[in-house]
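Worksheet: one structure, shown below.
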Amino acid sequence: MKIAVPKETAPGERRVALTPDAVPPLVKSGLEVLVEAGAGEGAFHADAAYEKAGARIVRDANELYGQADVVLKVQKPTDAEVDALREGAVLIAFLQALTSPDLVQRLTTRRITSFGMEGVPRISRAQKMDALSSQANLAGYKAVLIAAESLPKFFPMLMTAAGTVFAAKALVIGAGVAGLQAIATARRLGAQVWGYDVRPVVKEQVESLGAKFLEFDLGVTDAEDKGGYAKALSADASRRQQEMLAEKTKDFDIVVTTALVPGRPAPRLVTKETVAGMRPGSVIVDLAAEAGGNCELTEADKTVVRHGVTIHGPTNLPATMPVNASQLYARNVTELLRELVKDGKLALDFDDEVVKGACVTHGGEVVSETVKTALAARKSA
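Okay, here's the thing in structure tokens:
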């Protein structure tokens, strides 16, 4: 069986799906690993390193796709990449299937068996395959570094001969993996940190990192879905949340927003009026920019200044840290491969929770109930 790793083609993407250190175990298990020439350059992995690890370098992308039984990617494929796949081949990547109906249709037409890394279930056994979490960790860390670089003042408190400089105050909205890493990083840099999440259950996690937890009474008793994500709020609860956050946000120098609901536009938490009420020189880093932004004034992949507040809207921070991002993703994807390949052959067990959760298309059909429901909702909208 041939495992292929093409070079990522998305603009600005520097990650690679498989690093050289991940190749030997695959080769030892009887798999042949093919890597497109230059695939690892963005993450500082030379072709020679892959060859030394036991992979074969392929110069032409179409030749690579044509030989592959399984293709490992980071970003979802282009139409041309899907068409280059052999019919019946397996594709593993961040497919963003909930919001990519045309891609899903193309995969079914080509009878591609596809697995979305974002669909790996949040269960204990699958933690080592959880690429969303591994990449979110990087995003949360980098978001605070961006804020520190933009903020026109110190993060930590300093006692100097010229007087005391008080620590910056940071608010992290959303206490998932990215939010908790942002809290931890801001604390390490010396800021006073608060965390907020609609899910009261995360209060203990926020406080365990040395931060304080903002609590609002939104009249919501069940704010978490079975996957551990925050549920979308009602219009009334959302309005009250905006008002309460507006009152608190004006006290902070840094606001990092990380709130996302899978397959839906990002919840609007910071309105333009809230931004107008913040102190000039304050910084917002919006990690939900790709899904429309938690801040009303966010512009994806741009840095803008509104009312004296600097607003960053990065959409792919893990790609700015390609060495560790690729290393972690490679571990995630190879662990998923272990569930799909037995004795050098593809062995899909759809009674397995991991396989069932991550698989999007198989045999010319959409097999993910979550994706089916999402795509049907988009059609009827």
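Every number in the working numbering is 1 more than the matching position in the sequence shown, counting from 1.
Glycine included, C-beta positions come from ideal geometry on N, C-alpha and C.
Just so it is clear, the structure is predicted and the values come from calculations on it, not from any experiment.
For the 8 Å CB-CB criterion, residue 289 and residue 258 form a contact. The C-beta distance from residue 208 to residue 214 rounds to 6 Å, short enough to fall under 8 Å. Membership of residue 4 in the beta strand (DSSP E) is indicated by the continuous run 3-6. Residue environment analysis places residue 47 among the exposed positions, since fewer than 16 neighbouring C-beta atoms fall within 10 angstroms of its C-beta.
Under the three-state reduction of DSSP output, residue 245 falls in the helix class. Pairwise C-beta distances place the segment 144-157 in contact with the segment 246-261, as three or more of them are shorter than 8 Å. Between the segment 326-344 and the segment 292-311 there are fewer than three inter-stretch CB-CB distances shorter than 8 Å, so the stretches are not counted as touching. Between residue 34 and residue 56 the beta-carbon gap is near 4 Å, inside 8 Å, which marks them as a contact. Residue range 80-85 is occupied by the alpha helix (DSSP H) that includes residue 80. When C-beta atoms of the segment 349-362 are compared with those of the segment 93-107, three or more pairs fall below 8 Å, so the two segments count as touching.
In the displayed model, residue 287 falls within a strand according to three-state DSSP.
Residue 368 and residue 379 have their C-alpha atoms spaced approximately 17 Å apart.
Non-local C-beta neighbours of residue 107 in its own chain, meaning closer than 7 Å and more than five positions away in sequence, comprise 80 and 83, ordered along the chain. In its chain, beyond the 5 residues on either side, 44 and 45 have a beta carbon closer than 7 Å to the beta carbon of residue 324. The C-beta separation of residue 145 from residue 210 comes to about 12 Å, leaving the pair out of contact by the 8 Å criterion. Judged by beta-carbon spacing, residue 180 lies within the 8 Å limit of residue 141, meaning their Cβ atoms are closer than that value. The way I'd put it, the segment 370-379 doesn't touch the segment 121-136; fewer than three beta-carbon pairs between them come closer than 8 Å.
In the three-state reduction of the DSSP assignment, residue 24 falls in the helix class, which pools H, G and I. Under the DSSP definition of a beta bridge, residue 35 partners with 5 and 57. For residue 72, the number of other beta carbons within 10 angstroms of its own is at least 16, and it is reported as buried. In terms of CA proximity to residue 338, 26 leads the group 8, 12, 26 and 13. Burial is judged here by how many other beta carbons sit within 10 angstroms of a residue's own beta carbon; residue 171 has at least 16 and is buried.
Rounded to the nearest angstrom, the Cβ distance from residue 40 to residue 3 is 15 Å, too far for a contact under 8 Å. For the pair residue 168 and residue 206, the CB atoms are not nearer than the 8 Å cut-off.
Around the CB of residue 143, 16 or more other CB atoms lie within 10 Å, so the residue is classed as buried. Nearest neighbour of residue 86 by Cα position, chosen from 276, 68, 58 and 322, turns out to be 68. With a minimum length of 3 residues, the unbroken runs of beta strand (DSSP E) contained wholly in the segment 114-142 fall at 114-117. Residues of the same chain with a CB within less than 6 Å of the CB of residue 277, apart from the 5 flanking positions on each side, are 308 in chain order. Contact between residue 58 and residue 36 holds: their C-beta atoms lie close to 6 Å from each other, under 8 Å. Burial is judged here by how many other beta carbons sit within 10 angstroms of a residue's own beta carbon; residue 77 has at least 16 and is buried. The beta-carbon separation of residue 104 and residue 119, rounded to 13 Å, does not stay under the 8 Å limit for a contact.
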